[in-house]
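Peer 1: First, the structure itself, so that you have it in front of you.
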Amino acid sequence: MLELKDITKVVGADTHIHPTNLVLERGSLNVLLGPTLSGKTSLMRLMAGLDKPTTGTISFDGKDVTGVRVQDRSVAMVYQQFINYPAMTVYENIASPMRISGKDEATIDREVRKAAELMKLTPYLERTPLNLSGGQQQRTALARAIVKNASLVLLDEPLANLDYKLREELREELPKLFAASGSIFVYATTEPQEALLLGGNTATLNEGRISQFGPTIGVYRKPTDIITAKTFADPPLNTIELTKAGNVFERQGITVLPVPEHLAGIADGPYTVAFHPHHLSLTRPHATAAPLKAKIIISEIAGSESFIHVDCAGSRWVMLEHGIHDIEPDTAIELFVDTRHLMAFGADGRAIGGSAGRGA
Amino acid sequence: MARINLDHIRHAYGPNPKKPSDYSLKEVHHEWNDGGAYALLGPSGCGKTTLLNIISGLLQPSEGKILFDGKDVTNLSTQDRNIAQVFQFPVIYDTMTVYDNLAFPLRNRRVPENEVDRRVTEILEMIGLSDRAKKKAQGLTADQKQKISLGRGLVRSDVSAILFDEPLTVIDPHMKWVLRSQLKRLHKQFGFTMVYVTHDQTEALTFADKVVVMYDGEIVQIGTPAELFERPKHTFVGYFIGSPGMNVLPAKIDGSSVDLDGQKVALSFAPKIAAGAKTELGIRPEFVRLGREGMPVTISKVEDIGRQKIVRASFANRPIAIVVHEDGEIPSEPKITFDPNAINIYADSWRVGGEA
Amino acid sequence: MEKTWNNKAWFMVLPVLVLVAFSAVIPLMTVVNYSVQDTFGNNEFFWNGVGWFSDVLDSDRFWEALGRNLLFSGIILAIEIPLGILIALNMPKKGFGVPVCLVLMSLPLLIPWNVVGTIWQVFGRVDIGLLGYTLAALGIPYNYVNNVFDAWLTLIVMDVWHWTSLVVLLCYAGLVSIPDAYYQAAKIDGASRWAVFRYIQLPKMKRVLLIAFLLRFMDSFMIYTEPFVITGGGPGNSTTFLSIDLVKMAIGQFDLGPAAAMSLIYFLIILLLSWIFYTVMTNSDAQN
Numbered sequence: 016m017l018e019l020k021d022i023t024k025v026v027g028a029d030t031h032i033h034p035t036n037l038v039l040e041r042g043s044l045n046v047l048l049g050p051t052l053s054g055k056t057s058l059m060r061l062m063a064g065l066d067k068p069t070t071g072t073i074s075f076d077g078k079d080v081t082g083v084r085v086q087d088r089s090v091a092m093v094y095q096q097f098i099n100y101p102a103m104t105v106y107e108n109i110a111s112p113m114r115i116s117g118k119d120e121a122t123i124d125r126e127v128r129k130a131a132e133l134m135k136l137t138p139y140l141e142r143t144p145l146n147l148s149g150g151q152q153q154r155t156a157l158a159r160a161i162v163k164n165a166s167l168v169l170l171d172e173p174l175a176n177l178d179y180k181l182r183e184e185l186r187e188e189l190p191k192l193f194a195a196s197g198s199i200f201v202y203a204t205t206e207p208q209e210a211l212l213l214g215g216n217t218a219t220l221n222e223g224r225i226s227q228f229g230p231t232i233g234v235y236r237k238p239t240d241i242i243t244a245k246t247f248a249d250p251p252l253n254t255i256e257l258t259k260a261g262n263v264f265e266r267q268g269i270t271v272l273p274v275p276e277h278l279a280g281i282a283d284g285p286y287t288v289a290f291h292p293h294h295l296s297l298t299r300p301h302a303t304a305a306p307l308k309a310k311i312i313i314s315e316i317a318g319s320e321s322f323i324h325v326d327c328a329g330s331r332w333v334m335l336e337h338g339i340h341d342i343e344p345d346t347a348i349e350l351f352v353d354t355r356h357l358m359a360f361g362a363d364g365r366a367i368g369g370s371a372g373r374g375a
Numbered sequence: 607m608a609r610i611n612l613d614h615i616r617h618a619y620g621p622n623p624k625k626p627s628d629y630s631l632k633e634v635h636h637e638w639n640d641g642g643a644y645a646l647l648g649p650s651g652c653g654k655t656t657l658l659n660i661i662s663g664l665l666q667p668s669e670g671k672i673l674f675d676g677k678d679v680t681n682l683s684t685q686d687r688n689i690a691q692v693f694q695f696p697v698i699y700d701t702m703t704v705y706d707n708l709a710f711p712l713r714n715r716r717v718p719e720n721e722v723d724r725r726v727t728e729i730l731e732m733i734g735l736s737d738r739a740k741k742k743a744q745g746l747t748a749d750q751k752q753k754i755s756l757g758r759g760l761v762r763s764d765v766s767a768i769l770f771d772e773p774l775t776v777i778d779p780h781m782k783w784v785l786r787s788q789l790k791r792l793h794k795q796f797g798f799t800m801v802y803v804t805h806d807q808t809e810a811l812t813f814a815d816k817v818v819v820m821y822d823g824e825i826v827q828i829g830t831p832a833e834l835f836e837r838p839k840h841t842f843v844g845y846f847i848g849s850p851g852m853n854v855l856p857a858k859i860d861g862s863s864v865d866l867d868g869q870k871v872a873l874s875f876a877p878k879i880a881a882g883a884k885t886e887l888g889i890r891p892e893f894v895r896l897g898r899e900g901m902p903v904t905i906s907k908v909e910d911i912g913r914q915k916i917v918r919a920s921f922a923n924r925p926i927a928i929v930v931h932e933d934g935e936i937p938s939e940p941k942i943t944f945d946p947n948a949i950n951i952y953a954d955s956w957r958v959g960g961e962a
Numbered sequence: 006m007e008k009t010w011n012n013k014a015w016f017m018v019l020p021v022l023v024l025v026a027f028s029a030v031i032p033l034m035t036v037v038n039y040s041v042q043d044t045f046g047n048n049e050f051f052w053n054g055v056g057w058f059s060d061v062l063d064s065d066r067f068w069e070a071l072g073r074n075l076l077f078s079g080i081i082l083a084i085e086i087p088l089g090i091l092i093a094l095n096m097p098k099k100g101f102g103v104p105v106c107l108v109l110m111s112l113p114l115l116i117p118w119n120v121v122g123t124i125w126q127v128f129g130r131v132d133i134g135l136l137g138y139t140l141a142a143l144g145i146p147y148n149y150v151n152n153v154f155d156a157w158l159t160l161i162v163m164d165v166w167h168w169t170s171l172v173v174l175l176c177y178a179g180l181v182s183i184p185d186a187y188y189q190a191a192k193i194d195g196a197s198r199w200a201v202f203r204y205i206q207l208p209k210m211k212r213v214l215l216i217a218f219l220l221r222f223m224d225s226f227m228i229y230t231e232p233f234v235i236t237g238g239g240p241g242n243s244t245t246f247l248s249i250d251l252v253k254m255a256i257g258q259f260d261l262g263p264a265a266a267m268s269l270i271y272f273l274i275i276l277l278l279s280w281i282f283y284t285v286m287t288n289s290d291a292q293n
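See below:
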């Protein structure tokens, strides 16, 4: 169990990490999700012991390891760049952590071959990394992290420099690999889709603060504040400022949306109302849905789906619609919000009421 | 803007290529329309960047000709071809202001200063960097820098084509949505001929009118996003486009019926297949219906990815992926059916005509 | 990126600290000690305050030598930096030519100072030297022993020959680190050769150029061995640089006090000028 207690990191005048508390269980997969410079790498460096926190303590299985050097902790790290020893063969690259820890030759050989098999590197064991494709190089780095059998494995956007399809494949394999080991597995990414595909737990990060931590799908469905909801949305979250008055959300006296059942209990007043792009559609999702008027900005076709960017009374939204809808820019259309999935956030950004509604 | 003709182009990096495998780019022979938005899509090493560099003139093809609006430009340098290119990593001139960065291609071509000012002001407005015009380009964020790279391409009114080499790689996911839709809208408004290289299917499909799928130095299919999705010509296209990719199952074809390891599926047509060919059935996860009727499957895993669920299952002794809607139910005794219109039949990995 | 903290690191630096203490700090303190004392021999010293310093600063000899130093460094920098950049720009970026050029460029750097001096001393001799003899045969009067201009010319040509490679290698390292995309973009933007240099290569070489400039300044300002070997400071005092004068004073005349004061002044001048160059060059960077 890795426990971060009131951790902060201040460098000069910049606060990289605001006070953070986080407990990661053994054998768990934890995703750090946030945009570039949100503090993912800073946090990982603190976890690894590469940096010392300005305040707070880090403990591992109840033992304080705050000042302990990275070499004396059981940590493996894989970076976005493919980092291998260029002069060594793939075999020696994978074997290197075991050589340092002084394992016997037979164990090394067995472990290297096992890891190579898992990472589909067996045919390349005698090559040097420079003669491999990007995907193979990153597999080598991952295999090295596996054989190290570290209790904490940190992966800093490991798939970011790989091809889309390769990413898809490795993403499938990675959780399986680390699940068996009992290590704590921390995975940083900028992509909400990647977090969802990996599953496990997710901590959403923004400007050096963890806004929410919990089971991935739960954080996605029930964000506790608007920052989390925005961080965890791809395509981007649609939002609109509305005032609740009885059973409708209105703006300047004009009814915009009906208040769905799960939000009926919240007090009247101003809210930021939000929903995901796939809850906006060209067709009526249920009988009570009221149409909104909007103007097309641009339609993007992605195979079986269309991403339609619209301007709805000054709010810029994305609609994710099944099928192919290539609508010319500036066309006026009617669209519907599936209010069963509406989320409402107060002035302080906190989620209000039974937000996220059905399916949560 | 120009129509681009690729006339029997081949390219090998080594000298004296003989056999097909010596060529990094096997024969390409196509005409691309004036004002079209094309995406070159494929995994690394498929030849897409080679083809892009041949169009931009950074690379001379070993064989073949390239024509802009019917004019042979094969031997012209990049400068003389009048093209603009945006690279993977933003290329900006650090020591210049944002304004001077944008003015650079025009001043190099001795455009009068009042015209430069008019164009640059217009482009600054377009890429939303007007308020930073007089700032040094150095301190900007990655996406702002990439916008400048893009702006330098757009600033010249005379460009034949704008080429993009994986331009959104260094951009955060949220910003990608914004930049991509802006780019698409610019294309709609101004009708530039655009060629966009990427390995990301979403970028390719959303950006382009026509997607050129490449694999191992060859163009496998050119089609609209819908065509590539619904009628992949080759199993590679089926696999590469879509997430997860198409399910491809070994199949025995008997007239208009298919035998999938004992499970029979009826076809709406009788594919004509040469004797001895390896035959397969392709069906996209989106078109597999999970319910209480149909052929039995064993579910091994359900991935809830928010707006939909990906069901990983075993069917006819093969793994199969099924996409289920967010609110879709997963029955306790799962069975599947295939949408008959979405079935594709492949012989030796190439699609067999369904119109027969 | 912040550095890893590690207390053991201090133990690792300790040997170096000791070494520096013995090789630099303690001798320097000795010099400071000498510079403020006078002696009549017998190892008896008495306090002289800033006397030696004012003597040195009042002497024409010091200012003349300093003037020569500044002129020499100025000429050296004005030639070697542009020439180094020019050569680096024209070196091949890939292929077979790269190692050949690098080896050729490194050769002069591998030759010790006194050997360089001797080589040129012989090379320029009118009776047996290839250069001197050839020039004489062509009817060009050349004699570095009694002609001031020729002596300077020899020293400058020699230093350029010896040290331009350093600038070349540093600039080359800066140049090859520029990604191809920059050159491609510049081509597409229709940039001239000059514009590519001015807006891409020069900005990207800035850091290494700063290093090259400082190294060459410090080195040329401290030049000693070569003029000592070739001209011995002459003809007259025309190539007597501060370093040569210093040695004359300390060893030849055994004026330890003034020599110590002078060497401290010399040291402070180098420090001051280097600091000024560094600040000016990095400041223009910061303003961007």
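Chains as they are written, first to last, in the working numbering: chain D, 16 to 375; chain P, 607 to 962; chain W, 6 to 293. For each residue, glycine too, the CB sits at the ideal point set by N, CA and C. These numbers were taken from a predicted model, which means no experiment stands behind them.
(1) From the DSSP output, read off the bridge partner residues of Leu306/D.
(2) If we cut at 8 Å on Cβ distances, does Ala962/P have a partner in chain W?
(3) Excluding the 5 residues preceding and the 5 following Gly848/P in the sequence, name in chain order all residues of the same chain whose CB lies nearer than 7 Å to its CB.
(4) Please classify Gly372/D as buried or exposed, where buried requires at least 16 neighbouring CB atoms within 10 angstroms.
(5) Mind checking the region 190 to 210 of chain W against chain P and listing, in chain order, the residues whose C-beta falls within less than 9 Å of any C-beta there?
(6) Among Gly72/W, Met110/W, Thr230/W, Leu261/W, which has the Cα closest to the Cα of Leu175/W?
(7) Quick check: what's the CA-CA separation for Gly195/W versus Tyr179/D?
(8) For a cutoff of 8 Å on Cβ pairs, would you count Asn293/W as touching chain P?
(9) Below 9 Å on C-beta distance, what does Gln807/P contact in chain D?
(10) Find the nearest neighbour of Tyr202/D within the set Asp119/D, Lys24/D, Ala91/D, judged by alpha-carbon distance.
(11) Ordered along the chain, which non-local residues of its own chain (more than five positions away) have a Cβ less than 7 Å from that of Gln151/D?
(12) I need the straight-line Cα distance from Leu19/W to Cys106/W, nearest angstrom please.
(13) Beta-carbon separation of Val817/P and Leu647/P under 8 Å?
(14) Put Phe798/P into one of helix, strand or coil per three-state DSSP.
(15) Step through the CB atoms of chain W and report whether any lies within less than 8 Å of the CB of Leu774/P.
(16) Label Ala962/P either buried or exposed according to how many other C-beta atoms from any shown protein chain fall within 10 Å of its C-beta, with 16 as the threshold for buried.
(17) As an exercise, report each continuous beta strand (DSSP E) stretch of at least 3 residues that is fully enclosed by the region 57 to 104 of chain D, in chain order.
(18) Using a Cβ-Cβ cutoff of less than 7 Å, which residues in the same chain neighbour Phe282/W once the five nearest sequence positions on both sides are dropped?
(19) Phe77/W and Ser225/W - do their beta-carbons sit closer together than 8 Å?
(20) Does any residue of chain W have a CB that is nearer than 8 Å to the CB of Asp933/P?
(21) For Trp332/D, count neighbouring Cβ atoms within 10 angstroms of its own Cβ and tell me buried if that reaches 16, exposed if not.
(22) I'd like the ranges of any alpha helix (DSSP H) spanning at least 4 consecutive residues and lying wholly in the region 218 to 258 of chain W.
(23) Who are the Cβ neighbours of Ala955/P in its own chain at under 8 Å, not counting the five residues just before and after it?
(24) With 8 Å as the threshold, decide whether the Cβ of Ile610/P is near any Cβ in chain W.
(25) For Ser148/D and Tyr644/P, what's the separation of their Cα atoms in angstroms?
(26) Mapping DSSP to helix, strand and coil, what is Phe282/W?
(27) Check the C-beta distance from Leu350/D over to Pro285/D and give it rounded, since I have them as a contact under 8 Å.
(28) Across the region 153 to 165 of chain D and the region 74 to 81 of chain D, are there enough close Cβ pairs to call them in contact, namely three or more that are closer than 8 Å?
(29) State yes or no: is the C-beta of Val37/W within less than 8 Å of the C-beta of Asn53/W?
(30) Just to confirm the assignment, what range does the alpha helix (DSSP H) spanning Gln694/P have?
(31) With a cut-off of 8 Å, does the C-beta of Ala186/W fall near any C-beta of chain P?
(32) Report yes or no: do three or more beta-carbon pairs, one from the region 869 to 877 of chain P and one from the region 908 to 920 of chain P, lie closer than 8 Å?
(33) When you compare each of Phe272/W, Asn288/W, Ile274/W, Gly262/W to Met51/W by their alpha carbons, which one comes out closest?
(34) Under the three-state reduction of DSSP, which class applies to Pro902/P: helix, strand or coil?
(35) Mind listing the chain D neighbours of Ile847/P? Cutoff is C-beta to C-beta under 7 Å, in chain order.
Peer 2: A quick look at the data gives this:
(1) Strictly speaking, residue 306/D in this sequence is Pro, with Leu absent from that position. Answer by DSSP bridge pairing, in chain order: Phe351/D.
(2) At Ala962/P the pLDDT is 41, less than 50, meaning the model places this residue with poor confidence and gives no usable figure here.
(3) Phe835, Arg890
(4) Note that Gly372/D has pLDDT 44, beneath the 50 cutoff, so the model's placement of it is unreliable and the number below is only indicative. That one is buried.
(5) Ala190, Ala191, Lys192, Ile193, Asp194, Gly195, Ala196, Ser197, Ala200, Arg203, Tyr204, Ile205, Leu207, Pro208, Lys209
(6) Met110/W
(7) 34 Å
(8) Any reading at Asn293/W must be qualified, since the residue scores a pLDDT of 43, below 50, and its modelled position is unreliable; the value itself is stated next. Yes, its Cβ sits closer than 8 Å to a Cβ of chain P.
(9) Tyr179, Lys180, Ala317, Gly318
(10) Ala91/D
(11) Leu136, Tyr139
(12) 40 Å
(13) yes
(14) coil
(15) no
(16) A caution first: Ala962/P carries a pLDDT of 41, below 50, which makes its placement in the model too unreliable to give a value.
(17) 70 to 75, 90 to 93
(18) Phe218, Leu219, Phe222
(19) yes
(20) no
(21) buried
(22) 230 to 235, 247 to 252
(23) Correcting the residue identity first, residue 955/P is Ser in this sequence and not Ala. Around Ser955/P: His840, Thr841, Phe842, Lys884, Glu886.
(24) no
(25) 26 Å
(26) helix
(27) Between Pro285/D and Leu350/D the Cβ distance is about 23 Å, and since that is not below 8 Å, they are no contact.
(28) no
(29) no
(30) Taken as a continuous stretch (DSSP letters only), Gln694/P belongs to no alpha helix (DSSP H), as it is neither H nor E.
(31) yes
(32) no
(33) Per the sequence shown, the amino acid found at residue 51/W is Phe instead of Met. Phe51/W has its Cα closest to that of Gly262/W, out of Phe272/W, Asn288/W, Ile274/W, Gly262/W.
(34) strand
(35) Gly318
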